[in-house]
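Input: a single structure, listed below in structure tokens.
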Amino acid sequence: MATALYRRYRPESFADVIGQEHVTEPLMQALRTGRVNHAYLFSGPRGCGKTTSARILARCLNCEQGPTPVPCGVCDSCVALARGGSGSVDVIEIDAASHGGVDDARDLRERASYGPAQSRYKIYIIDEAHMVTPQGFNALLKIVEEPPEHVKFVFATTEPEKVIGTIRSRTHHYPFRLVPPAKLADYMQRLCDQEGVKVAPGVLSFVTRAGGGSVRDSLSVLDQLIAGSGDEGLTYDGAVSLLGFTDGELLDATIDALAAGDGAATFRQVDKVIESGHDPRRFVEDLLERLRDLIIVAAVNEGAGQVLRGVPEDQLERMRVQQAAFGPGALSRAADIVNAGLTEMTGANSPRLQLELICARILLPAASGEQGYAARLDRLERRLDVGGVPSAAHGSGSAPSAPPTPPAPAREAASAP
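According to UniProt numbering, the stretch in the sequence shown is residues 1 to 417, in order.
Here it is, written out as structure tokens:
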């Protein structure tokens with residue numbers, strides 16, 4: 001049975017941890033200078049390397065060549081704490097979700113008073129530390145404040161605000177962050193190369209979106225795609241189908257119809273969304289992301305490729321055409337409408353109805369307001385660019401609109417003898 005990717009490629013040194021240089025570099029410097037604190041608090045979103053970094057810190061502290069910022073990897077302690085290692089009796093991982101009571105804290109306090117069995121330090125890694133009860137934290141307070149020389153604590157949590165202040169103030173707090181999509185995509189491309197898996201363009205951008213910046217979640221998604229792939233590797237259509245994202249052609253057709261103000265074509269695309277089994281809310285999320293990309297293209301123009309990394313050049317060129325067809329004012333207004341509609345879709349009984357309303361609001365120009373004026377001005381400018389006069393782009397041959405009715409004082413002045 002295959003081992004999960006996130007376990008096979010779990011970092012074994014701080015240099016292998018991606019996207020957390022603001023944490024790993026200070027820790028390595030502390031190890032170099034011998035200024036390692038007795039207690040640390042690692043906080044941040046799930047799957048970003050908190051527990052892994054705690055294990056690496058334990059490995060660095062108990063290495064026979066250490067304390068060192070780079071564990072040797074060959075001594076008994078390093079081998080025991082490596083990937084697939086047997087573990088060390090002196091590095092104790094505690095899941096606070098099931099061992100967070102006052103009795104568990106008292107038991108830890110008593111065991112911590114004994115020296116390490118084999119290593120230099122006895123290191124307690126307390127995962128999900130926010131689940132420790134206030135009574136449990138109070139029972140730990142004295143030993144965290146004044147631990148024996150051989151004891152180190154590492155608290156890992158996704159909710160640091162739930163760790164009581166008296167514990168937090170006695171630790172060095174390092175906040176972990178979500179990994180940027182570009183860095184995460186590069187990392188996964190290297191893993192795919194090592195695994196000998198071919199990846200179609202655009203697939204890894206879907207994986208990073210599904211993972212939400214979490215390395216572990218992204219690797220789990222990638223692992224799922226690899227497990228279901230054939231000799232052709234990871235295909236674009238396979239990723240779209242499995243992860244539930246909107247097909248690019250469907251999104252392009254919808255954007256083109258909205259930009260042209262073609263209501264019939266727009267609602268035909270809505271029918272396709274429903275008939276193809278797409279989740280309307282996911283489609284609206286993808287539509288909002290595309291509008292965001294178009295706004296970036298409009299703002300940056302030729303430099304858009306540096307901002308929207310991972311987007312193929314032919315797609316960028318298509319997006320330049322789409323943003324020009326929309327106009328900046330209409331783009332901004334459409335994005336606001338879609339964003340507001342996405343909020344309204346939460347818990348909606350009829351997602352299709354909400355999707356149709358969103359499209360209708362984009363197609364109907366606002367009667368007032370700055371965005372409405374900007375949208376109408378964009379349309380007039382585009383018609384002038386195409387036909388020389390506003391009515392030329394319509395091709396409808398309709399009579400020009402009557403001039404606006406002058407305000408009341410003006411009418412009275414005109415009718416005066």
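Built from N, CA and C at the ideal position, the CB exists for glycine as well.
Computed from a predicted structure; not experimentally measured.
Residue i burial status per 10 Å Cβ neighbour count (16 or more: buried)
| i | result |
| --- | --- |
| tyrosine 114 | exposed |
| valine 74 | exposed |
| arginine 83 | exposed |
| threonine 266 | buried |
| histidine 22 | exposed |
| proline 280 | buried |
| alanine 413 | Any reading at alanine 413 must be qualified, since the residue scores a pLDDT of 49, below 50, and its modelled position is unreliable; the value itself is stated next. Counting Cβ neighbours within 10 Å, alanine 413 comes out exposed, since fewer than 16 surround it. |
| glutamine 354 | buried |
| glycine 66 | buried |
| asparagine 301 | exposed |
| serine 350 | exposed |
| alanine 97 | exposed |
| arginine 55 | buried |
| leucine 384 | exposed |
| alanine 264 | exposed |
| arginine 333 | buried |
| serine 241 | exposed |
| glycine 228 | exposed |
Sub-8 Å separation of residue i and residue j beta-carbons
| i | j | result |
| --- | --- | --- |
| residue 432 | alanine 200 | Absent from the structure is residue 432, since the part of the chain shown begins at 1 and ends at 417. |
| residue 428 | valine 79 | Because residue 428 is not part of the residues shown, which for the chain are 1 to 417, the question remains open. |
| alanine 112 | valine 163 | no |
| valine 197 | isoleucine 226 | yes |
| isoleucine 274 | leucine 331 | no |
| glycine 341 | glutamate 381 | no |
| phenylalanine 283 | threonine 343 | no |
Own chain, CB closer than 7 Å to residue i, minus 5 neighbours either side, in chain order
| i | result |
| --- | --- |
| alanine 253 | Gln269 |
| aspartate 293 | Leu308 and Met319 |
| leucine 141 | Thr166 and Ile167 |
| glutamate 145 | Arg170 |
| methionine 188 | Leu204, Val207, Ser218 and Leu222 |
| glycine 395 | Unreliable placement is indicated for glycine 395, whose pLDDT of 42 sits below 50; the coordinate value is still reported in the next sentence. None. |
| arginine 352 | Ile274 and Pro280 |
Sequence-distant residues of the same chain with beta carbon closer than 6 Å to residue i, five excluded per side
| i | result |
| --- | --- |
| valine 89 | Ala117 |
| proline 147 | His38 |
| glycine 34 | none |
| leucine 287 | Val338 |
Closer than 8 Å to chain C by CB, residue i
| i | result |
| --- | --- |
| glutamate 64 | This model lacks chain C altogether; it includes just one protein chain. |
Backbone CA spacing between residue i and residue j [nearest angstrom]
| i | j | result |
| --- | --- | --- |
| isoleucine 94 | isoleucine 123 | 11 Å |
| glycine 87 | alanine 299 | 53 Å |
| valine 132 | glutamate 149 | 24 Å |
| tyrosine 121 | leucine 61 | 7 Å |
| glutamate 110 | proline 45 | 32 Å |
| valine 215 | aspartate 186 | 12 Å |
| residue 418 | leucine 191 | In the structure as shown, the chain begins at 1 and stops at 417. Residue 418 is therefore absent and cannot be evaluated. |
| alanine 335 | leucine 81 | 50 Å |
| glutamate 289 | threonine 3 | 34 Å |
Close Cβ partners of residue i (< 8 Å) along its chain, the five nearest in sequence each way excluded
| i | result |
| --- | --- |
| arginine 10 | Thr52 and Arg83 |
| alanine 260 | Ala325 |
| leucine 316 | Val297, Ala304, Gly305 and Leu308 |
| phenylalanine 176 | Gln20, Val23, Phe42, Ser43, Gly44, Pro45, Cys48, Gly49, Lys50 and Ser53 |
| proline 26 | Tyr174 |
May I ask you to verify whether the stretch 202-213 touches the stretch 179-188, counting CB pairs closer than 8 Å and requiring at least 3? yes
query = Do the stretch 145-156 and the stretch 124-132 touch if we need at least three Cβ pairs shorter than 8 Å?
reply = yes
| message | For the structure I just gave you, are there three or more beta carbon pairs, one from the stretch 308-323 and one from the stretch 249-265, closer than 8 Å? | response | yes
*Are there three or more Cβ pairs, one per stretch, closer than 8 Å when the stretch 38-53 is compared with the stretch 98-106?*
no
* Counting pairs of beta carbons, one from the stretch 64-71 and one from the stretch 7-15, are three or more of them closer than 8 Å? -> yes
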